[in-house]
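So the sequence shown is numbered by the numbering used here: it starts at 348 and just counts up by one.
Note that CB positions come from ideal geometry on N, CA and C, so glycine has one too.
Only a predicted model underlies this, so the values are computations on that prediction, with no experimental measurement involved.
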Amino acid sequence: MSALDDLPSLARVIAAHGLSARKSLGQNFLLDLNLTSKIARQAGDLSGCDVLEIGPGPGGLTRGLLMEGARHVLAIEKDARCLPALQEIAEAAPGRLTVLNADALGFDPLGHLASPIRIVANLPYNVGTELLIRWLTPPDWPPFWQSLTLMFQREVADRIVARPGAKAYGRLALLAQWRCDARIVMHLPPEAFTPPPKVSSAVVHLSALPAPRYPADARVLERVVAQAFNQRRKMLRAALKGVAPDIEDRLIAAGIKPTDRAETVDLERFCALARGVAEG
Ligand code: SAM
């Protein structure tokens with residue numbers, strides 16, 4: 348038994364600190380500690396790792412991460428009302444939890460973390476998607492983190508792991524799968540949260556590859572993929588018209604038929620196209 352086991356239930360913590368959920372902050376809390384420990388385990392072996400947690404709220408997942416042995420957790424929470432509850436957790440795990448009151452979208456956590464670093468979060472979905480894209484598109488690879496274990500609404504999770512030909516296949520799948528192994532590791536119904544959101548959720552685990560799966564310049568690949576899927580129903584020779592003057596030749600050189608649509612083209616051929624476009 349550790350002092351973490353002696354902390355009050357999350358329902359009592361929420362009542363004691365008056366943490367009524369705020370819609371504006373996307374607050375749908377996880378109160379079942381078995382569930383939060385299970386999510387923490389999906390992040391892999393935490394024992395030698397620093398964990399960056401975004402949006403700890405009343406601290407259910409934070410407790411799971413500490414119970415599963417994280418060396419140190421840095422938790423960034425925008426809502427100052429949550430700080431006293433998180434302070435109680437910090438006292439039960441001396442030296443292992445640092446809580447900062449900040450907006451994760453405007454905060455650089457790097458100076459506060461030591462490698463290896465894993466990122467785990469149950470965030471509002473709009474913030475989560477924006478952070479995911481930032482974490483996937485640094486100028487250099489490998490990134491500062493080893494893995495991302497993130498809760499998303501089910502439809503976004505499907506877009507991250509989608510394969511060519513699937514309705515959900517697009518920019519998010521290509522960005523994620525170019526430099527990571529990505530898989531859905533858990534599905535959660537709305538009732539798992541308090542209050543329940545309108546949609547189902549899923550946890551996605553992404554582990555950073557040592558190098559991108561196929562060579563390509565990150566900026567060119569991002570531009571080509573964004574433009575190709577911007578008009579996903581169009582043939583690629585039309586959708587990519589402005590990308591290069593001889594785009595048909597470049598598509599053919601990359602093994603893509605100019606009449607193909609973006610949703611049928613796999614990652615390897617998008618990377619070949621990005622290399623062809625970068626040659627100028
Ligand atoms: N992790 C907790 C859990 O699983 O019960 C809370 C999850 S709740 C879906 C999202 C949390 O993220 C809330 O505590 C909210 O205040 C916080 N949050 C929202 N926007 C944020 C931001 N931009 N930066 C940091 N935290 C944010």
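Measure how close the beta-carbons of Pro489 and Glu610 come, nearest whole angstrom, since I'm counting them as under 8 Å.
Contact between Pro489 and Glu610 does not hold, since the beta-carbon distance rounds to 29 Å and is not under 8 Å.
Drop a sphere of 10 angstroms on the beta-carbon of His534, count the other beta-carbons inside from all chains shown, and report buried for 16 or more, exposed for fewer.
With fewer than 16 neighbouring CB atoms inside 10 Å of its own CB, His534 falls in the exposed class.
Return the chain-ordered list of same chain residues with a C-beta closer than 7 Å to the C-beta of Phe576, the five sequence neighbours on each side being excluded.
Gly517, Arg518 and Ala609.
I think Pro605 touches Leu598, with their Cβ atoms under 8 Å apart; what is that distance to the nearest whole Å?
Correct: roughly 5 Å between the Cβ atoms.
Using 8 Å for Cβ pairs, my map puts Leu408 next to Glu415. What's the rounded Cβ distance?
About 10 Å separates the Cβ atoms of Leu408 and Glu415, ruling out a contact at the 8 Å cut-off.
Using a Cβ-based criterion (distance less than 7 Å to any ligand heavy atom), does Ala451 qualify as near the ligand SAM?
Taken from the Cβ of Ala451, at least one heavy atom of the ligand SAM lies inside 7 Å.
Relative to the ligand SAM, is the shortest distance from any of its heavy atoms to the C-beta of Lys604 smaller than 7 Å?
Not one heavy atom of the ligand SAM falls within 7 Å of the beta-carbon of Lys604.
Alpha-carbon spacing of Val508 relative to Ala529, whole angstroms
Answer to the nearest angstrom: the Cα atoms are 6 Å apart.
Per DSSP, which one or two residues make a beta bridge with Leu535?
Answer is Ser548.
Is Asn375 near the ligand SAM, judged by its Cβ being under 7 Å from some heavy atom?
With a cutoff of 7 Å, Asn375 counts as near the ligand SAM, since its C-beta is closer than that to a heavy atom of the ligand.
Helix, strand or coil, according to DSSP, for Ala563 in the structure here?
In this structure, Ala563 counts as coil in the three-state DSSP scheme.
Evaluate contact between the region 356-370 and the region 431-449, counting only Cβ atoms and requiring at least three cross-stretch pairs below 8 Å.
By the C-beta criterion, the region 356-370 is judged to be in contact with the region 431-449, since at least 3 inter-stretch pairs fall below 8 Å.
Please classify Val612: does DSSP put it in a helix, a strand, or coil?
Residue state, collapsed to three classes: coil.
Look up Thr496 in the DSSP assignment and give the residues it is bridged to.
According to DSSP, Thr496 shares a beta bridge with Val467 and His552.
Taking one C-beta from the region 383-400 and one from the region 559-566 each time, how about it: are there three or more such pairs within less than 8 Å?
No, the region 383-400 does not touch the region 559-566.
CB of Asp424 to nearest heavy atom of the ligand SAM: below 7 Å?
In the sequence as displayed, the identity of residue 424 is Glu instead of Asp. Closer than 7 Å to some heavy atom of the ligand SAM: that describes the Cβ of Glu424.
Alpha carbon to alpha carbon, what distance is there between Glu595 and Ala601?
Here the C-alpha atom of Ala601 lies approximately 10 Å from the C-alpha atom of Glu595.
Leaving out five residues on either side along the sequence, give the residues of the same chain with a beta carbon under 7 Å from the beta carbon of Ile423.
Answer for Ile423: Ile401, Leu447, Ala449, Ala451, Phe454 and Pro456, listed in chain order.
Are at least three pairs of beta-carbons, each pair with one atom in the region 494-502 and one in the region 548-560, less than 8 Å apart?
Output reads yes: the region 548-560 touches the region 494-502.
Cut-off 7 Å between Cβ atoms - residues of its own chain near Ala523, not counting five sequence neighbours on either side:
Only Leu483, Ile507, Ala529 and Leu553 meet the Cβ criterion.
Can you tell me whether Gly404 is buried or exposed, with buried defined as 16 or more other CB within 10 angstroms of its CB?
Label assigned to Gly404: buried.
Inside the region 391-428 only - beta strand (DSSP E) runs reaching at least 3 residues:
Residue ranges of uninterrupted beta strand (DSSP E) with 3 or more members, entirely inside the region 391-428 and ordered along the chain, are 397-401 and 419-424.
Let me confirm a value: Asp505 is counted as buried when at least 16 other C-beta atoms fall within 10 Å, else exposed. Which label applies?
A buried status is given to Asp505, since no fewer than 16 other beta-carbon atoms sit within 10 Å of its beta-carbon.
For my contact list, Asn381 and Phe540 are in at a C-beta cut-off of 8 Å; report their separation, rounded to the angstrom.
Not confirmed; about 15 Å, so no contact.
Return the chain-ordered list of same chain residues with a C-beta closer than 6 Å to the C-beta of Pro471, the five sequence neighbours on each side being excluded.
So the list reads Gly373, once near-sequence residues are dropped.
So which of Arg428, Glu438 and Asp379 has the shortest CA-CA distance to Ser349?
Out of Arg428, Glu438 and Asp379, Glu438 has the C-alpha closest to the C-alpha of Ser349.
Distance, Cα to Cα, Arg570 vs Ser356?
The straight-line gap separating the alpha-carbon atoms of Arg570 and Ser356 is approximately 48 Å.
Just the C-alpha distance for Ala558 and Leu495, rounded to the nearest angstrom, thanks.
Leu495 has its alpha-carbon roughly 16 Å from the corresponding atom of Ala558.
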